[in-house]
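Each residue of the sequence shown is one higher than the one before, counting from 5 in my numbering.
We treat Cβ as the ideally placed atom computed from N, Cα and C, and that holds for glycine.
All values reported here derive from a predicted model rather than from experimental measurement.
Let me begin by presenting the structure, written as structure tokens, before commenting on it.
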Amino acid sequence: STPSHVERIDSSGHEVQGFPPESDLRAQRIQAFEHRRRQLLDAERRYQEVLLENKTLMREVLCGYVRGMRRAEQLLMVLADIVCNDGALVALMNLMGTQDIGDEFFYHSLNTAILSMVVARALEFSQDDVHTVGMGALFHDIGETTDTGEILYKGGNLSRKQREALRRHPQVGKRMVEKGFNFPQPGLDIILQHHERLNGCGYPYGLTDEQIHLFTKVVMVADTYDDLCNNPVLEKSLTPYEAMCALYARRRSEFWEEAVVAMIGSLGVYPPSSVVELSNGAIGVVCTINPENRLRPLVLLYEPHTPRQEALILNLMEEPTLHIKRGLRPSQLPRDVWDYLNPRNMIRYFAYTPTEPQTPAI
């Protein structure tokens, strides 16, 4: 971490405590910022690669091509590597909240697969079971598409006929992949059951706890979290913190409590990319969680008179007098503040130069 003081020699030759020169602090900040920017840049590249692959394989599967399912198997191996790499995963989480218009289905299926695999791994599922969970999660909403990959139902007002058809997408999706693809049975259960709820209030069959596959109980938590954060109707989207609170409030009644707790343990109470206000009024964005204390992550602060590449990354574990007061929605911030904090803008900030230092100062 950034040292709060350094030793120096006074005029009498004795060591005394002092603060590092301002130029050193500035260099440390720039080094830390560039390390984070490079992490995000690499995560963005990998995310766009797997997103493109997801689009390709989905369209192939919808056309009945077996090679699409082989692509899916390979994609899940890539996702497993990301999920097992904490640094890559945290960087990726910073980017999962921004979706291009028209590609929401592909983002959602990919996000749900990643989050489901994160939770399954936290629950200590076997490697094969994590893979199966990811497979079911990747295709959980395939029943909402046509054979050309067009999304049938988007946000907004649906007619009664459309709503009824939408409620049938689990059965439609299961039929799409159960023949000719050697799709694992637990994966089919995920597709069919992901809108069921433990208390029987879900659809299409109103199943209860004992009737729902364990793997489905993992995916329904990840699916709901991403739906809450990325609602097609932007005004209805929740912050990551609000989404976590909503899931936690419905644990035991609708969702498997262990899966909800595992997600919070993996992503933190304030997941990466959460905009927060600190107890001293400062505004920032969560960069990384602290496994030792999920309420005290690392936060990149908005400092209006400080260039973005010199922004302070504050470790709340080292600041006992500060705490997160509340989560904020980006829409609550002035445009210049959000532009300063937005992780995607950090990627575009300045050109990559391979000779710059790789090791962060904090």
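Handout entry: Residues near A141 in its chain [Cβ-Cβ closer than 6 Å; skip 5 each side]
Key = T116, A117, S120 and V223
Practice task
For the region 58-76 and the region 125-143, state whether three or more C-beta atom pairs, one from each stretch, are separated by less than 8 Å.
Solution key: yes
Problem - Nearest to C205 (by Cα), restricted to the options R256, L45, V341 and A286 - result: R256
Problem - Close beta carbons around E360, own chain, < 7 Å, minus the five adjacent residues each side - result: Since pLDDT at E360 reaches only 33, below the 50 mark, its modelled position is unreliable, and no value is offered.
Exercise for the section: Measure the alpha-carbon distance for Y306 versus N161 and round it to whole angstroms. Expected result: 38 Å
Handout entry: Unbroken beta strand (DSSP E) run spanning R330, endpoints
Key = For R330, the uninterrupted beta strand (DSSP E) run begins and ends at I328 to L332, by DSSP.
Practice task
List the endpoints of the continuous beta strand (DSSP E) containing N319.
Solution key: I317 to N319
Handout entry: Same chain only: Cβ atoms within 6 Å of C67, ignoring 5 sequence neighbours per side
Key = none
Handout entry: Minimum C-alpha distance to I268 - residue among I293, R30, V279 and V289
Key = Minimum Cα distance to I268 is reached at I293.
Handout entry: Unbroken beta strand (DSSP E) run spanning E1, endpoints
Key = In the structure displayed, the chain extends from 5 to 366; residue 1 sits before or after that span and is not available.
Problem - The alpha helix (DSSP H) enclosing I216, as first and last residue numbers - result: I216 -> no alpha helix (DSSP H), and no H or E assigned at all.
Exercise for the section: To the nearest angstrom, report how far apart P338 and V265 are at their CA atoms. Expected result: 33 Å
Practice task
Taking 8 Å as the cut-off, decide whether the C-beta atoms of V134 and A84 are in contact.
Solution key: In this structure, A84 lies closer than 8 Å to V134 by Cβ.
Practice task
Compare the C-alpha of V330 against each of T149, Q131 and L282 and name the closest.
Solution key: Per the sequence presented here, residue 330 reads as Arg, with Val not at that position. Here the closest residue by C-alpha is L282.
Problem - N346 versus V225 - alpha carbon distance - result: Looking at the two C-alpha atoms, the distance is approximately 26 Å.
Practice task
Rounded to whole angstroms, what's the CA-CA distance from I13 to R49? Just pull it up for me.
Solution key: Only weak support exists for where I13 lies, its pLDDT of 42 falling under 50; the coordinates are left without a value.
Exercise for the section: From the DSSP output, in three-state form, read off V280 for me. Expected result: DSSP places V280 within a strand segment (E or B) once states are collapsed to three.
Practice task
Ignore the nearest five residues each way along the sequence and tell me which others in F259's own chain have a CB closer than 7 Å to its CB.
Solution key: L202, M224, V225 and L251
Practice task
Tell me, please, whether the region 206-216 touches the region 167-176 by the rule of three or more beta-carbon pairs shorter than 8 Å.
Solution key: yes
Handout entry: Neighbour flag for V341 against chain B, beta carbons, 8 Å
Key = Judged by its chain identifiers, the structure shown contains no chain B, having just a single protein chain.
Exercise for the section: Assign D193 to one of two classes, buried (16 or more other C-beta atoms within 10 Å of its C-beta) or exposed (fewer than that). Expected result: With a 10 Å radius around the Cβ and a threshold of 16 neighbouring Cβ atoms, D193 comes out buried.
Exercise for the section: Return the chain-ordered ranges of every alpha helix (DSSP H) run that is complete within the region 237-273 and spans a minimum of 4 residues. Expected result: Listed in chain order, they are 244-253 and 261-271.
Exercise for the section: Look at the Cβ atom of F109, then the Cβ atom of T149, and state whether they are nearer than 8 Å. Expected result: yes
Handout entry: DSSP state of T292 mapped onto helix, strand, coil
Key = strand
Exercise for the section: For the beta strand (DSSP E) containing L192, list its first residue and its last residue. Expected result: For L192, there is no enclosing beta strand (DSSP E); the residue is part of the alpha helix (DSSP H) that begins and ends at Q189 to Q197.
Handout entry: Exposure label - Q43; buried when at least 16 CB within 10 Å
Key = Counting Cβ neighbours within 10 Å, Q43 comes out buried, since at least 16 surround it.
Practice task
Would you mind stating whether V279 and R298 have Cβ atoms separated by less than 8 Å?
Solution key: no
Problem - CA-to-CA distance, T325 to C233, given in whole angstroms - result: Taking the straight line joining both Cα atoms gives about 30 Å.
Problem - Beta carbon of G138 nearer than 8 Å to that of L93 - result: no
Problem - Buried or exposed (CB count within 10 angstroms, at least 16 for buried), Q131 - result: That one is exposed.
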